[in-house]
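**Student:** Counting along the sequence shown from 1, when you hit position 195 you're at 884 in my numbering, and nothing is skipped either side.
The C-beta atom is built at its ideal place from N, Cα and C for all residues, glycine as well.
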Amino acid sequence: MKILHVIHQLWRGNGAARVVRDLAAYQIAQGNSVSIVSLSLFAPTFDQELEALGCEVIYLENRRYSCYHPKFFFRLRKIIKEYEIVHVHLFPALYWVALAKLFSSASCKLVLTEHSSFNNRQSIKLLNPLERFIYTRYDAVIGVSDDVSRMLRSRFGLKERLYTINNGVGIEEVRSAPVVRRESLGIPKEAVLIVQVAKFYEQKDQKTVIRMLTQLPDSFYLFFVGEGSLLEEDKALARSLGMSDRVIFGGFRNDAVSILKAADIVVMSSRFEGLCLSVLEAMAAGKPVVASNVEGLSQVVEGAGLLFELHDEKGLAAHVKRLMEDRSFYESVAERCRQRSLCFSSDTMAESYQQVYKELLK
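(1) Along the chain, where does the alpha helix (DSSP H) that runs through Ala927 open and close?
(2) For Leu986, count the other beta carbons within 10 Å of its own beta carbon; 16 or more makes it buried, fewer makes it exposed. Which is it?
(3) Taking the CB atoms as reference points, tell me whether His778 and Ile696 lie closer together than 8 angstroms.
(4) How far does the alpha helix (DSSP H) with Thr897 in it extend, from its first residue to its last?
(5) Distance, Cα to Cα, Val898 vs Glu916?
(6) For Cys1032, count neighbouring C-beta atoms within 10 Å of its own C-beta (all shown protein chains included) and say buried if the count is 16 or more, exposed if not.
(7) Going by DSSP in three states, Asp750 sits in which element: helix, strand or coil?
(8) Just to confirm my understanding: we take Ser793, look at its own chain, exclude 5 residues before and 5 after, and list those with CB closer than 6 angstroms. What are they?
(9) If you count every other CB in all the chains shown that lies within 10 Å of the CB of Gly857, and 16 or more means buried, which is it?
(10) Touching or not, the region 821–828 and the region 799–809, by the rule of three or more beta carbon pairs under 8 angstroms?
(11) Could you name the residues of the same chain whose beta carbon sits closer than 7 angstroms to that of Lys896, not counting the 5 residues immediately before and after it, in chain order?
(12) To the nearest whole angstrom, what separates the beta carbons of Val1045 and Tyr772, a pair I think is in contact under 8 angstroms?
(13) Measuring CA to CA, which of Val1009, Val886, Asp934 and Glu921 is closest to Asn943?
(14) For Glu984 and Ile769, I'd like the C-alpha separation in whole angstroms.
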């Protein structure tokens, strides 16, 4: 099979880019020819490891965030003719590829993965007819969780062409990753370490986690992995609450899994998700996960980790306290999380996509 993935960027901190990397690795191992088109360049990327696998990576633009120019339509019209499967991830790539196929002689099958249960376009009613037109150009649309598929069914009436394939992570890759030394993170060795891995922007809710820390003893520390437009605002909140010495902002890290493995507790405070990879990695590492009770998180965490209501720092603090005060409870939650992670392996995810491709090419 000749497979092309199209995504707006291959930045290492992007969850969808990590899914593309894992899919490409599996597909190449299965004997497929795989290429990736990235609309723009935003380093650091997965280039080197992908090219080492034999995956061609094509950048249509070498400047940051310039992925909205109509020239991509014309370039993609030519490129997609060479492939049997064109698999698209995220906006605006999903628009450009759908239109490129519509106005070309390409015979490829189009696959779209929807990575989130919400996007800003949903709140613009004038876009609804265009959105429906674009999404229904795809031969298969995949939701990365039950919540995402439910949204797609409700918005676009997708039925026969709609699939649910849960995101997955490399279970063995997580388990074999080294554990970072806490001292290298600025965390005292005997501290209780709480970690959240997430970008600092509107979807996430680091502020609730920062406020939670005011209700915990001085031995509790918080380490954030991630960058984003709200980073400075959240740093200011930590300063205003007198928490600067106990809240560490670590920025983007290539070793995020190693930091998760150093944590006592992993938190994910978010307004919505598709299916959060860092939560799956934390579970695979055998860490107790405490997450917002929202779409895309509740499906994964409920019955394994612990859920708190959105913006409820008191509820979050209560869960954290109980975990650290009751060792038996801590170990049972951690083990449930580890067992739950086995349902979300990257190989299972990739094989499910492979079956969709084969079905489309019959």
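**Tutor:** On the basis of the supplied data:
(1) Numbered from 1 along the sequence shown, position 238 holds the residue referred to as residue 927. Residues Leu920 to Ser929.
(2) To locate residue 986, count along the sequence shown from 1; it is residue 297. Burial check for Leu986: the Cβ neighbour count within 10 Å reaches 16 or more, so the residue is buried.
(3) Position 89 of the sequence shown, counted from the start, is the residue given in the question as residue 778. Position 7 of the sequence shown, counted from the start, is the residue given in the question as residue 696. Against a cut-off of 8 angstroms, the Cβ pair of Ile696 and His778 comes out as a contact.
(4) Residue 897 sits at position 208 when you count from the first residue of the sequence shown. Gln895 to Leu902 is the span of the alpha helix (DSSP H), which, as asked, contains Thr897.
(5) On the sequence shown, position 209 is the one that residue 898 refers to. On the sequence shown, position 227 is the one that residue 916 refers to. Roughly 16 angstroms separates the two Cα atoms.
(6) Here residue 1032 corresponds to residue number 343 of the sequence shown, with the count starting at 1. Classification for Cys1032: exposed.
(7) Here residue 750 refers to the residue found at position 61 when the sequence shown is read from its first residue. First, the amino acid is wrong: residue 750 is Glu here, not Asp. In the structure shown, Glu750 sits in coil (DSSP, three-state: anything other than H, G, I, E or B).
(8) Sequence index remark: in the sequence shown, residue 793 carries index 104 (1-based). Excluding positions up to five away in sequence, the list reads Arg766.
(9) Here residue 857 is taken as the residue at index 168 of the sequence shown, counted from 1. Looking at its Cβ environment, which holds 16 or more other Cβ atoms inside 10 Å, Gly857 is buried.
(10) yes
(11) In the sequence shown, residue 896 corresponds to position 207, counting from 1. So the list reads Asp923 and Leu926, once near-sequence residues are dropped.
(12) As a working mapping, residue 1045 is identified with position 356 in the sequence shown. As a working mapping, residue 772 is identified with position 83 in the sequence shown. Contact doesn't hold; Cβ gap of about 15 angstroms is too wide.
(13) Numbered from its first residue, the sequence shown carries residue 943 at position 254. When only C-alpha atoms are compared, the closest one is Val886.
(14) Mapped onto the sequence shown, residue 984 falls at position 295. Mapped onto the sequence shown, residue 769 falls at position 80. In a straight line, the C-alpha of Glu984 is about 34 angstroms away from that of Ile769.
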